[in-house]
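Engineer: Sequences listed follow chains A and B, in order. Heads up: the first sequence runs through residues 1 to 271, numbered per the numbering used here. Heads up: the second sequence runs through residues 1001 to 1271, numbered per the numbering used here. Glycine residues also receive a C-beta, built at the ideal position from the N, C-alpha and C atoms. Because the structure is a prediction, the values reported are computed rather than measured.
Number of protein chains: 2
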Amino acid sequence: MTFIKKLNQAWEVNDSLLCVGLDPSWEKIPYHLKNADYPIFEFCKQIVDKTHDLVCAYKPQIAYFAGLSAEDQLQMICDYIRDTYPHLPIILDSKRGDIGSTAAMYAKEAFERFQADAVTINPYMGHDSAKPFLEYADKGVVLLCRTSNPGASDIQDLEVNGVPVYEKVATMISEQWNDNGNCCLVVGATWPEQMRRLREITGDIPFLVPGVGAQGGDVKAILAAGQTNNGTGLIINSSRAVIYADNGQEFAHAARTVAMATRDLVNQYRG
Amino acid sequence: MTFIKKLNQAWEVNDSLLCVGLDPSWEKIPYHLKNADYPIFEFCKQIVDKTHDLVCAYKPQIAYFAGLSAEDQLQMICDYIRDTYPHLPIILDSKRGDIGSTAAMYAKEAFERFQADAVTINPYMGHDSAKPFLEYADKGVVLLCRTSNPGASDIQDLEVNGVPVYEKVATMISEQWNDNGNCCLVVGATWPEQMRRLREITGDIPFLVPGVGAQGGDVKAILAAGQTNNGTGLIINSSRAVIYADNGQEFAHAARTVAMATRDLVNQYRG
Chain A
1 MTFIKKLNQA WEVNDSLLCV GLDPSWEKIP YHLKNADYPI FEFCKQIVDK THDLVCAYKP
61 QIAYFAGLSA EDQLQMICDY IRDTYPHLPI ILDSKRGDIG STAAMYAKEA FERFQADAVT
121 INPYMGHDSA KPFLEYADKG VVLLCRTSNP GASDIQDLEV NGVPVYEKVA TMISEQWNDN
181 GNCCLVVGAT WPEQMRRLRE ITGDIPFLVP GVGAQGGDVK AILAAGQTNN GTGLIINSSR
241 AVIYADNGQE FAHAARTVAM ATRDLVNQYR G
Chain B
1001 MTFIKKLNQA WEVNDSLLCV GLDPSWEKIP YHLKNADYPI FEFCKQIVDK THDLVCAYKP
1061 QIAYFAGLSA EDQLQMICDY IRDTYPHLPI ILDSKRGDIG STAAMYAKEA FERFQADAVT
1121 INPYMGHDSA KPFLEYADKG VVLLCRTSNP GASDIQDLEV NGVPVYEKVA TMISEQWNDN
1181 GNCCLVVGAT WPEQMRRLRE ITGDIPFLVP GVGAQGGDVK AILAAGQTNN GTGLIINSSR
1241 AVIYADNGQE FAHAARTVAM ATRDLVNQYR G
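The structure is reproduced here in structure tokens:
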């Protein structure tokens, strides 16, 4: 099944736009897990088991695994999600970007090695750097457009004849890179007005939205700006607020509580 | 020793601006190596042993290792270069870029796990995404500026009040990101005129230059455009032309021949 179909199905079945980001930091995982054979995997597995009915996707962040030399445990959690909850898409967050032959190796890393359903990539090097990913027509390619961090403005907001770079990027992707209908965009939650404009430009392309706080105001504005006519179109990511809701024995239960509250908050504002 | 000092020393000791890129593709490594315990490592090691006196740096491309699930062999070749040729800097080519906390994990991957002397990163997410790398004051941070691939023009050449994005990026890095004097830029060999302008903007910041062909004309124009007053300032990368010069028993010897010819060609045009 294609990523887009899987995503649509997960939005519907779990009645959720929430994506849980798996960013396992050694300092923050519960103490009682640290002596497990595969502590990082165990941490992520328990979060997944307690939240699988509340999410539209999981987004493992490869940096956290790579920094701990734990690619094996990333493989294990991807395998586990795919085998146990095959209806839920896995978005590998790796933000890769390189020339064609190298990009092909990164595509292999994401789609063959880890068998992710989608991957995040960086568009700065242009179309030919994205092509090896886009050619996996069944897979999702989530391109950075307007990110949520303060420094995002340094390059993304530069104006080209009055149009910010990130809008040019969105137009280019929407009009020229999306032949297989498998593109998505990263659009930060920080500026709903920017998201509204990007929704106008890109039609129904799904947005992966980082930077959502616990504040209802933000969520309301984001939903108003970014959802599509059928009340979807958004993959609203929460990582730390969910997975580090508690660091004791009951951490996964606490993660479930926060995930449910976030899903429900989002659903209040769906059309 | 800082990356910049190590680089200056290698430029001088080996009288070379040549960087050899280690992009080990399984299809292309010699058949007789494929049954070795660590074929990728063995391939790279033999190339390194035959070229160590001809280069100013090695640039392993992490994608090729990651696509083969061979991070262990990347670790082995980094360790081998560092232990055997400690005067030669290792530039890990990974083009990472992410928000602060995630970028910190990528910096850990490059500088602590693989103990690289420098790493390539993507500036699209702005200063705060580069900061965790830049704070390793002894390490080099090689930022994408104007790349050599055809699609580079899609975003990098967009004009902001008549100034292309890549120049804005170069100015920003040179003026605001380089407090520790540890920034370098990726500047493709394709358009020497662009390189000339970037040299004017950035003073003596080293350029990592991919895309150099076997053609003398290119090399002459690049040297004219990009070298600094003392005849250095450039890290001229060649990957496939060197490491796949031959795929038989004598592959490493063939790599040496091409590396030497390239170094000597470059040196013809140094001031």
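(1) Quick one, which of B/Tyr1244, B/Ala1252, B/Ser1101 and B/Ile1235 has its alpha-carbon nearest leucine 1088 of chain B's?
(2) Counting beta carbon pairs with one atom in the stretch 236–245 of chain A and one in the stretch 1075–1083 of chain B, are three or more of them shorter than 8 Å?
(3) How many angstroms separate the CA atom of serine 101 of chain A from the CA atom of aspartate 128 of chain A?
(4) Taking C-beta pairs closer than 7 Å, name the residues in chain A that glycine 1162 of chain B reaches, listed in chain order.
(5) Residues in the stretch 75–95 of chain A with C-beta within 7 Å of chain B's C-beta atoms, listed in sequence order?
(6) As a quick exercise: from B/Ile1155, B/Ile1243, B/Phe1003 and B/Ser1016, pick the residue whose alpha carbon is nearest that of glutamate 1027 of chain B.
(7) So, helix, strand or coil for alanine 118 of chain A, using DSSP?
(8) According to the Cβ coordinates, are alanine 1057 of chain B and leucine 1007 of chain B closer than 9 Å?
(9) Just to confirm before moving on: does the CB-CB distance between methionine 1076 of chain B and phenylalanine 1041 of chain B stay below 9 Å?
(10) Please state whether the Cβ-Cβ distance between lysine 95 of chain A and arginine 1146 of chain B is less than 9 Å.
(11) If you check the beta carbons only, do asparagine 161 of chain A and glutamate 1159 of chain B fall under 9 Å apart?
(12) Starting from tyrosine 1289 of chain B, follow the alpha helix (DSSP H) in both directions and report where the run begins and ends.
(13) Residue range of the beta strand (DSSP E) that valine 1141 of chain B falls in?
(14) So what does DSSP say about alanine 189 of chain A, is it helix, strand or coil?
(15) So, for alanine 1010 of chain B: in the same chain, excluding its five sequence neighbours on each side, which residues have a beta-carbon less than 7 Å away from its beta-carbon?
(16) Which of helix, strand or coil does DSSP assign to cysteine 78 of chain A?
(17) By how many angstroms is the C-alpha of aspartate 1154 of chain B removed from the C-alpha of alanine 1063 of chain B?
(18) May I have the straight-line CA-CA distance separating glutamate 1193 of chain B from arginine 270 of chain A, to the nearest angstrom?
(19) With contact counted as at least three CB pairs below 8 Å, one residue from each stretch, are the stretch 248–260 of chain A and the stretch 1176–1186 of chain B in contact?
(20) Consider the Cβ of glycine 1226 of chain B: report whether some Cβ of chain A lies at a distance smaller than 9 Å.
(21) I'd like the list of long-range same chain contacts for phenylalanine 114 of chain A, defined as Cβ closer than 7 Å, with 5 residues on each side in sequence excluded.
(22) Where do the N-terminal and C-terminal ends of the alpha helix (DSSP H) with arginine 240 of chain A fall, by residue?
(23) Is the separation between the beta-carbon of threonine 1228 of chain B and that of arginine 1197 of chain B shorter than 9 Å?
(24) Any beta-carbon of chain A closer than 9 Å to the one on tyrosine 1124 of chain B?
(25) On the criterion of 16 or more Cβ atoms from any shown chain inside 10 Å, does asparagine 230 of chain A qualify as buried, or is it exposed?
(26) Output needed for aspartate 157 of chain A: all residues of its chain with C-beta closer than 6 Å, excluding positions within five of it in sequence on either side, in chain order.
(27) Looking only at its chain, what residues have a beta carbon closer than 8 Å to the beta carbon of leucine 143 of chain A, apart from the 5 residues adjacent to it on each side?
(28) The alpha helix (DSSP H) with cysteine 1044 of chain B in it runs from where to where?
(29) Among residues of its own chain, excluding the 5 on either side of alanine 1036 of chain B, which ones have a beta-carbon nearer than 7 Å to its beta-carbon?
(30) From the DSSP secondary-structure annotation, give me the bridge partner or partners of glutamine 1061 of chain B.
(31) Name the chain B residues that come within less than 7 Å of serine 129 of chain A, Cβ to Cβ?
(32) DSSP state of valine 212 of chain A, grouped into three classes?
(33) In angstroms with no decimal places, state the Cα-to-Cα distance between alanine 1104 of chain B and glycine 1226 of chain B.
(34) Could you check how far apart the C-beta atoms of asparagine 1014 of chain B and glycine 126 of chain A are, in whole angstroms? I think they sit under 8 Å.
(35) Tell me, please, whether the CB atom of serine 1025 of chain B is closer than 9 Å to any CB atom in chain A?
(36) Based on Cα-Cα distance, which residue from B/Ile1205, B/Ser1025 and B/Glu1167 lies nearest to phenylalanine 1003 of chain B?
Structural biologist: Let's see:
(1) Per the Cα distances, B/Ile1235.
(2) Contact fails: fewer than three Cβ-Cβ distances are below 8 Å.
(3) Each residue's Cα considered, the two are about 10 Å apart.
(4) Near glycine 1162 of chain B there are no residues of chain A at all, since even the closest Cβ is about 10 Å away, more than 7 Å.
(5) Hits within the stretch, in order: Lys95.
(6) Scanning B/Ile1155, B/Ile1243, B/Phe1003 and B/Ser1016 for the CA closest to the CA of glutamate 1027 of chain B turns up B/Ile1243.
(7) Strand.
(8) In this structure, leucine 1007 of chain B lies closer than 9 Å to alanine 1057 of chain B by Cβ.
(9) A contact, by the Cβ cut-off of 9 Å.
(10) Against a cut-off of 9 Å, the Cβ pair of arginine 1146 of chain B and lysine 95 of chain A comes out as no contact.
(11) In this structure, glutamate 1159 of chain B lies closer than 9 Å to asparagine 161 of chain A by Cβ.
(12) Since the first and last residues shown for chain B are 1001 and 1271, residue 1289 of chain B lies out of range.
(13) Unbroken beta strand (DSSP E) run through valine 1141 of chain B: 1140–1146.
(14) In the structure shown, alanine 189 of chain A sits in coil (DSSP, three-state: anything other than H, G, I, E or B).
(15) Around alanine 1010 of chain B: Cys1056, Ala1057, His1087, Leu1088 and Pro1089.
(16) Of the three classes helix, strand and coil, the one that applies to cysteine 78 of chain A here is helix, per DSSP.
(17) If I take the Cα positions, the gap works out to 23 Å.
(18) One C-alpha to the other measures close to 52 Å.
(19) Of all C-beta pairs linking the stretch 248–260 of chain A to the stretch 1176–1186 of chain B, fewer than three are shorter than 8 Å, placing the two stretches out of contact.
(20) With 9 Å as the cut-off, glycine 1226 of chain B does not count as an interface residue toward chain A.
(21) Correct list, in chain order: Leu74, Gln75, Cys78 and Leu92.
(22) According to the DSSP assignment, arginine 240 of chain A belongs to the alpha helix (DSSP H) that extends over 240–243.
(23) In this structure, arginine 1197 of chain B does not lie closer than 9 Å to threonine 1228 of chain B by Cβ.
(24) Using a CB distance cut-off of 9 Å, tyrosine 1124 of chain B counts as an interface residue toward chain A.
(25) Classification for asparagine 230 of chain A: exposed.
(26) Closer than 6 Å at Cβ, skipping near neighbours: Pro164.
(27) Answer for leucine 143 of chain A: Thr120, Ile121, Asn122, Pro123, Ala130, Val169, Ile173, Trp177, Cys183, Cys184, Leu185 and Val186, listed in chain order.
(28) Residues 1039–1051.
(29) Cβ within range, chain order: Glu1042.
(30) According to the DSSP secondary-structure assignment, glutamine 1061 of chain B is paired through a beta bridge with B/Asp1093.
(31) Correct list: Asn1149 and Gly1151.
(32) For valine 212 of chain A, the three-state secondary structure derived from DSSP is coil.
(33) Using only the alpha carbons, I get a separation of about 31 Å.
(34) So it is not a contact: roughly 34 Å between Cβ atoms.
(35) Serine 1025 of chain B counts as touching chain A.
(36) Nearest to phenylalanine 1003 of chain B by alpha-carbon distance, out of B/Ile1205, B/Ser1025 and B/Glu1167, is B/Ile1205.
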